[in-house]
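Sequence order for the protein chains is A and B. Residues in the first sequence are numbered consecutively from 1, following the numbering used here. Residues in the second sequence are numbered consecutively from 1, following the numbering used here. So the structure is just underneath, and the comments pick up after that.
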Amino acid sequence: MSATPASATPASGAPSSPEVPRAPLVVEFPFTRSLGPVQSAFLTGLRERTVLGVRTTGGRVLVPPVEYDPETSEEIGDLVEVGTTGTVTTWAWNPDPRRGQPLRTPFAWVLVRLDGADTGLLHALDASGPDAVRTGMRVRVRWAAERGGSITDIACFEPYRDGPESGAESGPESGGEGSPGRGSESGAEHRDDDPAEHRGPGNGTGSGTGSGTGRATRSGTGSGTRSTEPATPGAEGRAATGPRSHSGEFDDPVTGVVVPARLDYTYTPGRAQTRFISALAERRTTGERCPSCRKVYVPPRGACPTCGVATSEQVEVGPRGTVTTFCIVNIKAKNLDIEVPYVYAHIALDGADLPLHGRIAGIPYDRVRMGLRVEPVWTGDDRHPDHYRPTGEPDADYDTYRELL
Amino acid sequence: MRDVAIVAFSQTDHVRSSEEVSEVEMLMPVLHDVLGRTGLRTGDIGFTCSGSCDYLAGRAFSFTMALDGVGAWPPIPESHVEMDGAWALYEAWVKLLTGEADTALVYAYGKSSPGSVRDVLTRQLDPYYLAPLWPDSVALAALQAQALIDSGETDEPALAAIAERSRTAAEGNPHAQLRGPRPQGGYVVRPLRTGDCPPVGDGAAAVVLAAGDRARELCPRPAWIRGMDHRVEPHALGVRDLTDSPSTRLAAERAGVHERPVDTAELHAPFTSQEVVLRKALRLGDSVAVNPSGGALAANPVMAAGLIRVGEAAAAVHRGASGRALAHATSGPCLQQNLVAVLEGEPHAR
């Protein structure tokens with residue numbers, strides 16, 4: 001009960017009361033999500049080291065792509081391939097990477113407008129320090145060695161000086177473009193990169209939101225008149241020709257993603273439940289009485305749900321009680337070491353005005369009935385009742401518990 | 001259309017950790033206080049609406065537990081938004097405007113102390129392109145701050161001045177978590193320093209709304225809601241101009257902010273840089289008192305901080321400190337969603 005995981009942030013400066021029980025609470029979920037045609041093409045493309053965007057009817061190229069135009073809400077699906085190099089439009093230096101973030105060493109968060117795109121892609125930039133990052137700087141994709149169709153197939157971005165490439169993209173996988181027919185052109189991009197070619201806003205429609213700062217900085221590093229002109233058709237290289245149509249078709253497309261999520265909490269139960277838990281450790285079951293309607297709630301949660309006032313008067317209830325209603329469980333729950341079928345019941349402890357939940361054992365499942373008198377069987381460590389078993393008393397009269405159903 | 005007013009407001013003292021109490025235990029005194037200010041009991045309330053977030057609690061349907069503090073028997077008309085309570089207030093306002101109820105109780109609460117709110121808030125992001133990268137709330141705000149600095153609209157000293165002004169103002173707010181100026185500190189995520197970021201804390205707030213003569217009965221100087229509107233930006237951050245807030249601008253226009261000058265503005269700007277964006281979008285002049293409560297930089301209980309802005313604006317009207325106040329609430333990264341309300345202390349001239 002007292003373990004606090006290192007990842008849970010304790011209250012800074014707040015003295016923690018020693019009597020507050022606490023326990024780690026980990027919420028972990030693999031969210032399984034299906035992809036529409038546009039997201040499927042984009043994420044499959046990343047697996048194949050190809051970045052796809054979508055062109056709106058207004059001519060803007062959105063990267064990452066979406067299925068509906070954020071301005072007009074039209075359904076869109078006109079896929080285009082954009083560059084794997086781009087320009088930082090804003091950034092933030094992250095000195096202390098957190099769990100799950102793309103890099104373990106300090107890095108910059110960046111919005112990158114890839115060559116040919118009109119919008120920014122959020123990712124990490126691997127740079128030596130904040131002095132090595134600026135808005136307007138040129139960057140390129142660093143692909144993850146293992147790619148399966150997710151945004152993390154881009155390991156991160158890295159600084160990129162426009163010019164003849166020494167080794168194409170990066171690492172041992174460079175050179176092997178996944179899609180025939182695009183490989184040579186992609187290669188051309190790397191061989192023929194001219195510093196000026198990347199300065200234009202892609203297809204000439206990139207003068208919209210968010211481009212002002214980047215453009216200003218780029219003009220400082222660009223080379224003359226071409227720096228602010230839209231790319232010219234017929235020029236060499238991907239960026240110069242702007243985004244090119246792409247079918248979005250790949251072998252073995254990715255149609256879904258599994259997104260694991262984990263959050264760590266330190267659970268504390270509050271005053272009323274703390275009192276309840278503390279009493280359980282002494283094999284006592286306590287309820288709390290509402291000062292207004294006089295009902296006794298077990299387990300108490302600190303408030304009377306009928307009157308909306310705090311409960312505080314402690315009332316010891318049970319240990320015996322009456323089964324008010326029950327069900328027979330036939331499906332084994334994961335990680336639950338109880339043979340099925342078993343009985344789960346509402347049990348009105350003597351003196352309580354609200355039944356609590358409990359498992360019934362010590363009697364064949366098909367012999368459990370409404371009115372059965374039961375008593376708790378405690379766990380070996382005395383922390384709480386493990387289950388309830390018959391007391392052997394005669395069944396309770398229906399009228400004694402009918403109000404508690 | 002009926003006139004609807006905020007007739008009472010209450011909030012907790014906001015603290016770094018309220019681990020000794022459960023959500024409902026934290027909330028109940030606020031509910032009792034706000035009802036006590038009007039003399040109403042739960043059974044008198046026509047509609048109840050709340051705002052909170054399961055991801056903060058780490059538990060599904062966590063708001064149902066908090067509902068125990070309201071007294072929901074005999075059955076009451078009730079609703080909940082998985083958002084800041086300002087949006088619950090919007091829902092209640094509509095309910096009163098349509099005549100379905102004459103009074104409403106709106107409350108909101110958030111306990112950030114059980115988890116790490118920077119991690120928790122990553123789960124509100126697009127699950128395909130953003131959430132797998134775990135960009136935290138400070139990082140996203142920092143991207144916005146850098147865009148503002150690059151555009152020449154602010155710089156680090158100006159941001160520090162916003163932090164200092166806010167926390168100095170909070171010296172007069174007994175509920176605030178950070179009262180009085182403090183060092184800007186080091187970078188959390190550059191260019192944002194500790195002082196540019198809101199405190200992490202727990203807290204709750206509640207307001208009571210009433211329509212027409214009912215409001216006049218319940219409050220000597222009701223804060224009449226003259227207009228309220230909320231708008232949203234495209235969810236993809238890279239599509240937006242982070243230096244601007246068109247949604248705030250439009251919401252303000254639709255809420256009628258510019259029909260007459262406001263004297264007070266409670267802005268929900270958890271980060272100093274966001275105040276720069278909001279001031280521009282709302283065209284606030286220097287004569288407007290911005291965040292006399294200290295704002296979210298002094299106390300930012302997630303899911304309640306926006307409702308508190310509306311409540312603080314209403315309270316300023318109640319005590320005669322404001323004749324016409326603007327309240328703003330935000331939700332989501334980099335001012336993604338924005339709500340603007342206009343409150344006045346005088347009877348509506350028709």
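Cβ atoms here follow ideal geometry from the backbone N, Cα and C, with glycine treated the same way.
Item: Cα-Cα separation, Thr324(A) to Arg37(B); Value: 42 Å
Item: Residue from Arg138(A), Ala261(A), Pro21(A), Pro243(A) whose Cα sits closest to the Cα of Thr130(B); Value: Thr is not the amino acid found at residue 130(B); the sequence shown has Leu there. Closest by alpha carbon: Ala261(A).
Item: Residue environment, Val232(B), which counts as buried when at least 16 other CB atoms sit within 10 Å; Value: exposed
Item: Bridge partners - Lys111(B), DSSP secondary structure assignment; Value: Asp202(B)
Item: Outcome for Arg260(B) when other beta-carbon atoms lying within 10 angstroms are tallied against a minimum of 16; Value: exposed
Item: Any chain B beta carbon closer than 9 Å to His123(A); Value: yes
Item: Extent of the continuous alpha helix (DSSP H) to which Ser247(B) belongs; Value: 246 to 255
Item: Below-9 Å beta-carbon distance, Val239(B) vs any chain A residue; Value: yes
Item: Local Cβ density within 10 Å of Cys219(B), reported as buried at 16 or more and exposed below that; Value: buried
Item: Where Gly71(B) falls, given that 16 or more other Cβ within 10 Å makes a residue buried; Value: buried
Item: Gln337(B) in three-state terms, based on DSSP; Value: strand
Item: Gly287(A) and Pro300(A) closer than 9 Å at C-beta; Value: yes
Item: Endpoints, the alpha helix (DSSP H) within which Tyr265(A) is located; Value: Run containing Tyr265(A): none in the alpha helix (DSSP H); it sits in the beta strand (DSSP E), 256 to 267.
Item: Bridge partner(s) assigned by DSSP for Gln11(B); Value: Ala205(B)
Item: Close Cβ partners of Arg179(B) (< 6 Å) along its chain, the five nearest in sequence each way excluded; Value: Ala170, Glu171
Item: 8 Å contact criterion, which Leu339(B) and Ala251(B) should meet: CB distance rounded; Value: 6 Å
Item: Any chain B beta carbon closer than 9 Å to Trp378(A); Value: no
Item: Cβ-heavy atom distance, Glu25(B) to the ligand ATP, below 8 Å; Value: Of ligands this structure carries none, so the ligand ATP is not represented either.
Item: Pair within 9 Å by beta-carbon distance, Thr405(B) and Pro270(B); Value: Absent from the model: residue 405(B). The displayed extent of chain B is 1 to 350, so no value can be given.
Item: Residues near Arg123(B) in its chain [Cβ-Cβ closer than 7 Å; skip 5 each side]; Value: Tyr55, Ala131
Item: CA-to-CA distance, Asp264(A) to Ala120(B), given in whole angstroms; Value: The displayed chain sequence assigns Val, not Ala, to residue 120(B). Computed Cα separation, rounded: 9 Å.
Item: Within 8 Å of chain A by C-beta, residues of the region 60 to 82 of chain B in sequence order; Value: Met65, Leu67, Asp68, Gly69, Val70, Gly71, Ala72, Trp73
Item: Residues that Pro102(A) bridges to, as DSSP identifies them; Value: Beta-bridge pairing links Pro102(A) to no other residue.
Item: Within 9 Å, strictly: CB atoms of Tyr297(A) and Arg289(A); Value: yes
Item: Residue-level contact to chain A via CB, Asp119(B), 9 Å cutoff; Value: yes
Item: Contacting positions in the region 308 to 339 of chain A - beta carbon closer than 8 Å to chain B; Value: Gly308, Val309, Ala310
Item: Contact between the region 145 to 155 of chain B and the region 281 to 293 of chain B (3+ Cβ pairs under 8 Å); Value: no
Item: Close Cβ partners of Pro106(A) (< 8 Å) along its chain, the five nearest in sequence each way excluded; Value: Trp93, Asn94, Pro95, Asp96, Pro97, Gly129
Item: N- and C-terminal bounds of the alpha helix (DSSP H) containing Thr274(A); Value: 270 to 280
Item: DSSP-derived helix/strand/coil call for Gln184(B); Value: coil
Item: Inter-residue CB distance, His14(B) and Ala299(B) (contact presumed, cutoff 8 Å); Value: 4 Å
Item: CB contact check: Glu156(B) to chain A, cutoff 9 Å; Value: no
Item: Option nearest Asp118(A) by Cα separation, candidates Val133(A), Ala272(A), Gly86(A); Value: Gly86(A)
Item: Straight-line Cα distance separating Thr89(A) from Glu169(A); Value: Unreliable placement is indicated for Glu169(A), whose pLDDT of 42 sits below 50; the coordinate value is still reported in the next sentence. Going from the Cα of Glu169(A) to the Cα of Thr89(A) covers about 21 Å.
Item: Test: Ser150(A) CB closer than 9 Å to a CB of chain B; Value: yes
Item: Which residues DSSP lists as bridging Gln314(A), in chain order; Value: Glu288(A)
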